[in-house]
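Student: If you scroll down you'll find the structure; I have some questions about it.
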Ligand SMILES: [Fe+2]
Ligand SMILES: [Fe+2]
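Chains as they are written, first to last, in this note's numbering: chain F, 10 to 342; chain S, 16 to 108.
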């Protein structure tokens with residue numbers, strides 16, 4: 010299972026919770042039909058709750074694991090300006106994770122449990138973060154393509170039926186556009202620099218293009234949970250529609266960058282009013298989801314280590330809070 | 016290990032406006048809750064003042080009883096100025 014930046018899909022051999030649609034409370038149906046928002050204390054069907062917990066948790070995990078590929082370049086950013094920008098971006102991703110964990114907690118789960126499930130591999134994160142950042146240009150490609158794809162996935166979620174998730178997404182989306190622009194700017198600078206810099210930018214785009222298209226999930230006919238998510242107002246557009254939207258946005262931007270997208274089949278289709286593009290190789294996606302991507306083990310090991318290394322800070326903060334409370338109690342008495 | 020308690024965060028975006036709920040966070044105590052709220056919810060100058068409230072201290076009305084609870088106001092349309100007929104030509108009323 011993997012909730013990809015607000016998309017929810019499974020590898021073919023994994024199963025999502027199957028909803029029992031018959032037993033939805035009437036109040037819930039009425040809220041959805043009126044395009045109303047569902048709020049935490051409403052009577053929610055179990056399957057709706059479980060689907061949301063899984064999707065929001067995996068979205069949150071993606072945000073915090075997503076700090077790693079870019080965090081890798083903070084100490085080696087080519088200028089102070091780039092370094093300050095990258096730190097701000099990575100800090101935003103931490104914030105996105107926190108907004109989303111808070112939204113998940115409104116459904117009655119604990120953040121600590123969700124982190125446990127991430128660390129033990131029972132919940133996943135977006136496969137895109139299992140690709141390595143080999144050069145500085147990769148930081149540009151991630152901002153432009155990965156954050157770009159995330160925006161396309163996330164904008165419709167601002168109207169998701171679950172209020173706390175929708176509100177978190179509004180905050181996230183406001184912050185994302187700077188992420189995409191700074192990535193575009195990095196690539197634009199490189200592609201107008203020396204031939205070596207331009208080659209580095211092209212190489213990054215070559216490696217990140219197809220994985221970015223995979224972020225939208227499998228084709229519609231192969232996406233068994235989509236229909237239910239649409240009926241519940243969690244998902245608003247199909248995977249293929251969102252992927253097409255992303256391609257249509259990105260092709261002209263690539264031209265402005267002076268870089269080519271690594272797909273000879275990309276061409277404008279006048280009849281459809283969209284760009285045609287080649288077929289995505291989803292066997293690769295499912296391999297990465299299963300744990301066989303280039304960086305799966307490294308990302309998890311780093312995440313678990315960071316969590317364990319931080320244990321003493323959490324304990325110390327608790328001890329300090331207890332001491333302050335005890336003192337305040339003694340003063341009152 | 017014991018989990019940090021949950022705090023609800025309210026931000027006043029400008030002077031003259033009220034504090035609005037923006038979300039929640041975990042923190043061991045009130046002071047850390049304020050600092051975390053600053054880092055989490057006002058990274059782009061979204062606020063000039065912050066409130067943090069222990070989530071456990073909030074008392075809320077129940078959505079199940081919302082109808083019965085808010086109904087008494089429904090039939091008191093005379094509480095709105097539009098309920099009243101004003102004769103033609105009368106101004107400033
Ligand atoms: Fe993000
Ligand atoms: Fe981002």
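Even glycine gets a Cβ: it sits at the ideal position worked out from N, Cα and C.
I want to verify the contact list: residues of chain F whose CB lies under 9 Å from the CB of residue 108 of chain S, in sequence order.
Tutor: As a working mapping, residue 108 of chain S is identified with position 93 in the second chain. Near residue 108 of chain S there are no residues of chain F at all, since even the closest Cβ is about 37 Å away, more than 9 Å.
Student: Classify residue 110 of chain S as helix, strand or coil using the three-state DSSP reduction.
Tutor: No answer is possible for residue 110 of chain S: it lies beyond the span of chain S, which begins at 16 and ends at 108.
Student: Is residue 156 of chain F near ligand 2, with its Cβ less than 6 Å from a heavy atom?
Tutor: Walking along the first chain from the start, residue 156 of chain F turns up at place 147. Because some heavy atom of ligand 2 lies under 6 Å away, the Cβ of residue 156 of chain F counts as near it: yes.
Student: Report buried or exposed for residue 242 of chain F, applying the criterion of at least 16 other Cβ atoms within 10 angstroms of its Cβ.
Tutor: Residue 242 of chain F sits at position 233 when you count from the first residue of the first chain. By the neighbour-count rule (16 or more Cβ atoms within 10 Å), residue 242 of chain F is buried.
Student: Looking only at C-alpha atoms, which of F:167, F:77 and F:100 sits nearest to residue 59 of chain S?
Tutor: Stepping through the second chain from its first residue, residue 59 of chain S is reached at position 44. Comparing Cα-Cα distances from residue 59 of chain S to each of F:167, F:77 and F:100, the minimum goes to F:100.
Student: Using the beta-carbon of each residue, which ones in chain S are nearer than 8 Å to residue 51 of chain F?
Tutor: Along the first chain, one-based indexing puts residue 51 of chain F at 42. Neighbours of residue 51 of chain F on chain S, chain order: 78.
Student: Which residues of the stretch 39-58 of chain S have a Cβ closer than 7 Å to any Cβ of chain F? Give them in chain order.
Tutor: So the close ones are 39, 40, 41, 43, 44, 47, 55 and 58.
Student: CB of residue 185 of chain F to nearest heavy atom of ligand 2: below 6 Å?
Tutor: On the first chain, residue 185 of chain F is found 176 positions in, with the first residue counted as 1. Within the cutoff, so yes.
Student: Alpha carbon to alpha carbon, how far is residue 79 of chain F from residue 51 of chain F?
Tutor: In the first chain, counting from the first residue as 1, residue 79 of chain F sits at position 70. In the first chain, counting from the first residue as 1, residue 51 of chain F sits at position 42. Distance between the alpha carbons of residue 79 of chain F and residue 51 of chain F: 39 Å.
Student: Where do the N-terminal and C-terminal ends of the alpha helix (DSSP H) with residue 148 of chain F fall, by residue?
Tutor: Your numbering for residue 148 of chain F matches position 139 in the first chain. First-last of the alpha helix (DSSP H) with residue 148 of chain F: 145-150.
Student: Is there at least one non-hydrogen atom of ligand 2 closer than 6 Å to the beta-carbon of residue 283 of chain F?
Tutor: Taking the first residue of the first chain as position 1, residue 283 of chain F is located at position 274. Outside the cutoff, so no.
Student: Evaluate residue 19 of chain S with the Cβ neighbour count: other Cβ atoms within 10 Å of its Cβ, from every protein chain shown; 16 or more gives buried, anything less gives exposed.
Tutor: As a first step, residue 19 of chain S is located in the second chain; it is residue number 4 there, counting from the start. Buried, by the Cβ-count rule.
Student: Go ahead and label residue 221 of chain F buried or exposed: buried means 16 or more other beta carbons lie within 10 angstroms of its beta carbon, across all protein chains shown.
Tutor: Here residue 221 of chain F corresponds to residue number 212 of the first chain, with the count starting at 1. The residue in question, residue 221 of chain F, is buried, as its Cβ has 16 or more Cβ neighbours within 10 Å.
Student: Compute every distance between the C-beta of residue 102 of chain F and the non-hydrogen atoms of ligand 1, then say whether any falls below 6 Å.
Tutor: As a working mapping, residue 102 of chain F is identified with position 93 in the first chain. Answer for residue 102 of chain F: yes, Cβ within range of ligand 1.
Student: With 16 as the cutoff for other CB atoms within 10 Å, does residue 186 of chain F come out buried or exposed?
Tutor: Translated into positions along the first chain, residue 186 of chain F becomes position 177. Counting Cβ neighbours within 10 Å, residue 186 of chain F comes out exposed, since fewer than 16 surround it.
Student: Got a sec? Which residues, its chain only, sit under 7 Å from residue 86 of chain F by beta carbon, not counting five neighbours each side?
Tutor: Within the first chain, numbered from 1, the residue matching residue 86 of chain F stands at position 77. So the qualifying residues of the chain are 92 and 95.
Student: In its own chain, which residues sit with a C-beta less than 8 Å from the C-beta of residue 24 of chain F, not counting the 5 before and 5 after it?
Tutor: Here residue 24 of chain F refers to the residue found at position 15 of the first chain. Unreliable positioning characterises residue 24 of chain F in this predicted model, as indicated by a pLDDT of 49, which lies under 50. A coordinate reading is not provided.
Student: Which residues bound the alpha helix (DSSP H) around residue 341 of chain F?
Tutor: On the first chain, residue 341 of chain F is found 332 positions in, with the first residue counted as 1. Counting along the chain, the alpha helix (DSSP H) containing residue 341 of chain F begins and ends at 320-341.
Student: Excluding five sequence neighbours on each side, which residues of the same chain lie with their C-beta closer than 8 Å to the C-beta of residue 36 of chain S?
Tutor: Taking the first residue of the second chain as position 1, residue 36 of chain S is located at position 21. So the list reads 23, 24 and 25, once near-sequence residues are dropped.
Student: Residues in its own chain within less than 8 Å of residue 209 of chain F by CB, not counting five upstream and five downstream?
Tutor: Taking the first residue of the first chain as 1, we reach residue 209 of chain F at position 200. Same-chain partners within the cutoff: 144, 145, 146 and 199.
Student: How many Å lie between residue 263 of chain F and residue 55 of chain S at the Cα?
Tutor: Position 254 of the first chain, counting from 1, holds the residue named residue 263 of chain F. Position 40 of the second chain, counting from 1, holds the residue named residue 55 of chain S. So the two alpha carbons sit approximately 33 Å from each other.
Student: Can you give me the start and stop residues for the alpha helix (DSSP H) that residue 257 of chain F sits inside?
Tutor: Within the first chain, numbered from 1, the residue matching residue 257 of chain F stands at position 248. Its alpha helix (DSSP H) spans residues 248-266.
Student: Tell me residue 284 of chain F's beta-bridge partners as DSSP assigns them.
Tutor: Along the first chain, read from residue 1 onward, the residue named residue 284 of chain F stands at position 275. Paired residues: F:277.
Student: Is any non-hydrogen atom of ligand 1 found closer than 6 Å to the C-beta of residue 70 of chain F, if you look at the structure I gave you?
Tutor: Counting from one through the first chain, the residue named residue 70 of chain F turns up at place 61. False, no ligand heavy atom lies under 6 Å from that Cβ.
Student: Would DSSP call residue 11 of chain F helix, strand or coil?
Tutor: The residue you call residue 11 of chain F lines up with position 2 of the first chain. Summary for residue 11 of chain F: the model assigns pLDDT 40, below 50, so the residue's position carries little reliability, and this model does not support an answer.
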